[in-house]
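Per my numbering, the very first residue in the sequence shown carries number 993; after that it's consecutive. From the three backbone atoms N, C-alpha and C, an ideal C-beta is built for every residue, glycine too. Worksheet for the structure shown next.
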Amino acid sequence: MKRIDIQGTTRRSSIYIGESLKNLARYIPSRDVVLITDDRVSHYYKHDFPQFRTITIGTGERIKTMETAADIYQELLAMNAQRSTFLVGIGGGIVCDITGFVASTFLRGVPFGFVSSTLLSQVDASVGGKNGVNFQGFKNMVGVFNQPEFVICDPDLLQTLPERELLCGFAEVVKHAVIEDPELFAFMENNTSEALALNRQVIERFVHDSVVIKSTIVNRDEKEKGERRKLNFGHTFGHAIEKTTGIPHGEAVSIGMVFAAALSVRKAMLSEEEFHRIIRLLNNFKLPTSLDHDKQQVMDALKKDKKREGDHIHFVLLHRIGKSAVEKIAISELGRIIDIT
Ligand code: GLY
């Protein structure tokens, strides 16, 4: 097992890679714990912790709302939860985001931690202290920065993950490699079939290297004033595609990364050869690399991005695989690249 720490404003967060859900009791108080999980995860693991009260929510991006948060507040009140009550989110990005949001706001904040059950949440969503819910269909519109006390990344939990969800996690690993780590990128190229077969060593390296990259950046810029923006590579288009088409986050980010890489080529930063290496890697991980949807609708959604500043947006471009930079780009330029890619 490996441990990586993030020193946040609110507290230190320790991420345990290769730890088991079965050891959860080592990280939490012996009493006054409430687990928050979803229908799918509860089905597999509900018998592991009969001693703890559990709140179960539904699945899917559509339930990541203020209404779901309000339902959880209601259940916590009914359980007579106190400021000392420890909340543990066991699940993927949606469970972790909502649990972190509820824990940060209920009674002005209660302690919390995560057991991350999907690849996407192990490599990205559960790490870094962003918690929140969607609002009127817009991603993570309401939320807080607040670090969980711990994140347990248990590789065994990935065994029961539906393939489409697993592939979405690979998209975020590609993102980390592309923005920061050419060696991880080459490792992914050379170990694609092992990763798809869930080879434990390969997956643990994907998770470990992703968490090292993300935690290093978050330790320098927790509140996303500068460098953390790099972690949004592919996400400006990705969020707009996700909202418009309804395809899963990782698939939308995969297409978004292709657009961002295409813009990098157009600006004579990234070589054609590396652009095609990125597309090839995404295809090998069975991820989509082109948009089969009304482009104007995607642009209309993109114009409502919460990170937009007037006619411009902070956008992540690539100089090469492993070297990225944030630039202010005109929204109109993004419209052109979506038209020609
Ligand atoms: N997923 C991007 C970030 O956490 O900053």
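Comparing alpha-carbon positions, the option among Ile1055, Gln1288, Lys1315, Asp1331 lying closest to Lys1131 turns out to be Ile1055. Within the same chain, and ignoring the five residues on either side of Gly1121 in sequence, the residues whose Cβ sits closer than 8 angstroms to its Cβ are Ile998, Gly1000, Thr1002, Ser1005, Gly1092, Phe1137, Asn1138, Gln1139, Pro1140, Val1210, Glu1214. If you draw a 10 Å sphere on the C-beta of Ala1017, you find fewer than 16 other C-beta atoms in it, and that means exposed.
With a cut-off of 7 angstroms, the C-beta of Glu1216 is classified as near the ligand GLY, since at least one heavy atom of the ligand falls inside that distance. By the criterion of a C-beta distance shorter than 7 angstroms, Pro1147 is surrounded in its chain by Gly1010, Arg1192, Ile1195, Glu1196, once the five residues flanking it on both sides are discounted. Between Leu1279 and Phe1162, the C-beta spacing is below 8 angstroms. When the beta-carbon positions are compared, Val1134 and Val1125 come within less than 8 angstroms of each other.
The DSSP assignment places 1058-1070 as complete runs of the alpha helix (DSSP H) inside the segment 1048-1073, in order along the chain (cut-off: 4 residues). A straight-line Cα-Cα distance of about 30 angstroms links Thr1236 and Glu1265. If you ignore the 5 residues before and after Leu1223, its C-beta comes within less than 7 angstroms of the C-beta of Lys1206, Ile1209, all in its own chain and listed in chain order. Counting the other CB atoms within 10 Å of its CB gives Ala1189 a total below 16, which places it among the exposed residues.
Residue range 1155-1172 is occupied by the alpha helix (DSSP H) that includes Arg1156. Taking 7 angstroms as the cut-off, the C-beta of Arg1220 counts as close to a heavy atom of the ligand GLY. Cβ-Cβ separation between Ile1086 and Glu1053: approximately 7 angstroms, consistent with a contact (criterion under 8 angstroms).
Taking 7 angstroms as the cut-off, the C-beta of Leu1016 does not count as close to any heavy atom of the ligand GLY. When DSSP reads this structure, Phe1104 sits in a beta bridge with Leu1079. Inclusion of Lys1122 in the 7 angstroms shell around the ligand GLY follows from its C-beta lying nearer than that to a non-hydrogen atom of the ligand. Lys1259 and Gly1218 have their C-alpha atoms some 21 angstroms from each other.
The distance from the Cβ of Lys1167 to that of Val1080 is about 27 angstroms, inconsistent with a contact at the 8 angstroms cut-off.
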